[in-house]
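Presented below is the structure to which this report refers.
Number of protein chains: 2
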Amino acid sequence: MLSKRYDAVNMNSSTALSALFLDIFRANAALVAAGDQLVAPLGLTSARWQVLGTVAMANSPQPVAHIARDMGLTRQSVQRLVNELADAGLVELRDNPHHRRAKLVCLSDKGQATFVSIHKLQRPWVDGLAEGMDVARIEAAAEVLRALRSRLEQGLDERAE
Amino acid sequence: MLSKRYDAVNMNSSTALSALFLDIFRANAALVAAGDQLVAPLGLTSARWQVLGTVAMANSPQPVAHIARDMGLTRQSVQRLVNELADAGLVELRDNPHHRRAKLVCLSDKGQATFVSIHKLQRPWVDGLAEGMDVARIEAAAEVLRALRSRLEQGLDERAE
DNA sequence: GTTGAATTGACAGTATGCTGTCAAAACGGT
DNA sequence: ACCGTTTTGACAGCATACTGTCAATTCAAC
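Quick note, the sequences are listed as chains C and X, same order. Throughout the first sequence, residue numbering follows my numbering, covering 60 to 220 in sequence. Throughout the second sequence, residue numbering follows my numbering, covering 60 to 220 in sequence.
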């Protein structure tokens, strides 16, 4: 009896979870697409915007590998983006007194100005999206995603052992 | 007074929404990574699995463009995946009596067998992930994501006009 | 029937992120 | 001081998904 009830509950949550997967895929795609369009006038993309933001918000200049950990991406991905931002003159790579190879990523003056411009675009955009949405529901959704991610990564770790 | 209260509410939901964005990015990445590992033993990837599943679940064989609309992806992305699945012998492209160029994508015998194998892997995987998660919370999260995606795409449409 | 719009597949190019691998550099225990 | 481990950057290769463009085909309006 108990197992039957358990199965029923589990079946429902499994079905709901499978549906959630699709919504996550779609929301992610829509988010990246919208972000790309938002910062396109500044000559940026969604990914570069995120890296620039991480660099700007950091308390002190950090090497690439540290930024990557902050963002949950691989070093290699961030390295490429940082190199491109450096080519575009938005960030500068300064010598690191504690590590000869690991240069510190800093915003250039141009990068600072761009970051300010981004904020002026981002603020009304997010406000518009959030208008009429319930804070509690948004936070509850975020909690579910974090729980899901935690379980997913736990599963990955177990397989990796 | 009212505008002040409104601003305050809006500010909070904007902040919550910005945080949700990051959780969506992370959850999406974790989901793809976990999916890749899950179906790797079958020689598949997360993306090919999704295409194969869409083909398998369709009531009748569909051309590539129709599958793409189903999945919310572009024709070109799905076309490449279908071609690769065809190369691997998992799907077959049959002549379409109603359209000379738009072949119908069908599962081959090997594709059928693979789909069954996928189910045997997927079912306990999803059940394990869903275990102990609340159905109502999952569905509420999915609703928030759908609302967000709807607003994002509405914004894209407005810009495209 | 003809013409114009929409659909479809094909090809090229770009952006993002991953893994794998290597060598240089820093760190830690002995 | 030494040696093994970890961190870091660099390079190569692959998978995914996007846009843009073109021609073939279908479909609808006239």
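We put the CB at the ideal spot given by N, CA and C, even for glycine. Just so you know, these numbers come straight off a predicted model, no measurement behind them.
Residue nearest to residue i in terms of C-alpha spacing, selected from the options
{"i": "Ala75/X", "options": "Ala172/C, Thr173/C, Ala189/C, Arg139/C", "result": "Ala189/C"}
{"i": "Ala127/X", "options": "Leu163/X, Ala147/X, Asp95/X", "result": "Leu163/X"}
{"i": "Met192/X", "options": "Val194/C, Asn155/C, Arg182/C, Arg208/C", "result": "Arg208/C"}
{"i": "Gln138/C", "options": "Ser119/C, Ala106/C, His158/C", "result": "Ala106/C"}
{"i": "Ser73/C", "options": "Ala200/X, Val185/X, Ala201/X", "result": "Val185/X"}
{"i": "Val95/X", "options": "Val194/X, Leu211/X, Thr104/X, Ala200/X", "result": "Strictly speaking, residue 95/X in this sequence is Asp, with Val absent from that position. Asp95/X has its Cα closest to that of Thr104/X, out of Val194/X, Leu211/X, Thr104/X, Ala200/X."}
{"i": "Leu101/X", "options": "Leu149/X, Val91/X, Val141/X", "result": "Leu149/X"}
{"i": "Leu79/X", "options": "Gly214/X, Met116/X, Ala200/X, Ala147/X", "result": "Ala200/X"}
{"i": "Thr173/C", "options": "Gly214/C, Trp108/C, Arg85/C", "result": "Trp108/C"}
{"i": "Arg182/C", "options": "Arg85/C, Ser77/C, Val98/C", "result": "Val98/C"}
{"i": "Ala117/X", "options": "Asp146/X, Gln171/X, His157/X", "result": "Gln171/X"}
{"i": "Ser77/C", "options": "Gln213/X, Asn142/X, Val141/X, Val194/X", "result": "Val194/X"}
Beta strand (DSSP E) segment containing residue i, residue limits
{"i": "Glu190/X", "result": "Looking at the DSSP string, Glu190/X is not in any beta strand (DSSP E), and its letter there is neither H nor E."}
{"i": "His158/C", "result": "158-166"}
{"i": "Leu152/C", "result": "150-155"}
6 angstroms Cβ shell around residue i - same chain, five flanking residues per side excluded
{"i": "Met130/X", "result": "Thr113"}
{"i": "Asn71/C", "result": "none"}
{"i": "Val141/C", "result": "Val123, Val164"}
{"i": "Ala206/C", "result": "none"}
Closer than 8 angstroms to chain C by CB, residue i
{"i": "Val110/X", "result": "no"}
{"i": "Ile197/X", "result": "yes"}
{"i": "Arg159/X", "result": "no"}
{"i": "Ile83/X", "result": "yes"}
{"i": "Phe174/X", "result": "no"}
{"i": "Glu220/X", "result": "For Glu220/X, the predicted model reports a pLDDT of 44, less than 50, meaning its position is unreliable; a value from the coordinates is still stated below. So no, Glu220/X is outside the interface."}
{"i": "Ala206/X", "result": "yes"}
{"i": "Arg210/X", "result": "yes"}
{"i": "Ser73/X", "result": "yes"}
{"i": "Ala200/X", "result": "yes"}
{"i": "Gly131/X", "result": "yes"}
{"i": "Ser86/X", "result": "In the sequence under discussion, the amino acid at residue 86/X is Ala, which differs from the Ser named in the question. Output row for Ala86/X: interface = yes."}
{"i": "Gly148/X", "result": "no"}
{"i": "Ala93/X", "result": "yes"}
Integer Cβ distance of residue i from residue j, believed to fall under 8 angstroms
{"i": "Glu151/C", "j": "Ser176/C", "result": "Not quite, the Cβ-Cβ distance comes to about 18 angstroms (not below 8 angstroms), so this is no contact."}
{"i": "Ile83/C", "j": "Leu204/X", "result": "6 angstroms"}
{"i": "Leu144/C", "j": "Leu111/C", "result": "6 angstroms"}
{"i": "Pro120/C", "j": "Arg153/C", "result": "6 angstroms"}
{"i": "Ala93/C", "j": "Leu90/X", "result": "With a Cβ gap of about 20 angstroms, Ala93/C and Leu90/X do not count as contacting."}
{"i": "Asn87/C", "j": "Asn87/X", "result": "4 angstroms"}
{"i": "Ala161/X", "j": "Ala124/X", "result": "7 angstroms"}
Residue-level contact to chain X via CB, residue i, 8 angstroms cutoff
{"i": "Gly102/C", "result": "no"}
{"i": "Asp186/C", "result": "yes"}
{"i": "Arg107/C", "result": "no"}
{"i": "Leu61/C", "result": "Any reading at Leu61/C needs caution, since the residue's pLDDT is 46, under 50, leaving its predicted position unreliable; the model's value is listed next. By this cut-off, Leu61/C is not an interface position."}
{"i": "Ser77/C", "result": "yes"}
{"i": "Met192/C", "result": "yes"}
{"i": "Leu180/C", "result": "no"}
{"i": "Gly170/C", "result": "no"}
{"i": "Ala124/C", "result": "no"}
{"i": "Ala127/C", "result": "no"}
{"i": "Val203/C", "result": "yes"}
{"i": "Ala90/C", "result": "With the sequence shown as reference, residue 90/C is identified as Leu, and Ala is not the correct amino acid for it. So yes, Leu90/C belongs to the interface."}
{"i": "Ala189/C", "result": "yes"}
Segment limits, alpha helix (DSSP H) that includes residue i
{"i": "Gly112/C", "result": "105-116"}
{"i": "Leu140/X", "result": "134-146"}
{"i": "Ala124/C", "result": "123-130"}
Contact set for residue i: own chain, Cβ-Cβ below 7 angstroms, skip 5 residues either direction
{"i": "Glu202/X", "result": "none"}
{"i": "Lys169/C", "result": "Gly148, Leu149"}
{"i": "Thr133/C", "result": "Ala127"}
{"i": "Met60/X", "result": "Low per-residue confidence applies at Met60/X: pLDDT is 48, beneath 50, and the placement is therefore not dependable enough to give any value."}
{"i": "Lys179/C", "result": "none"}
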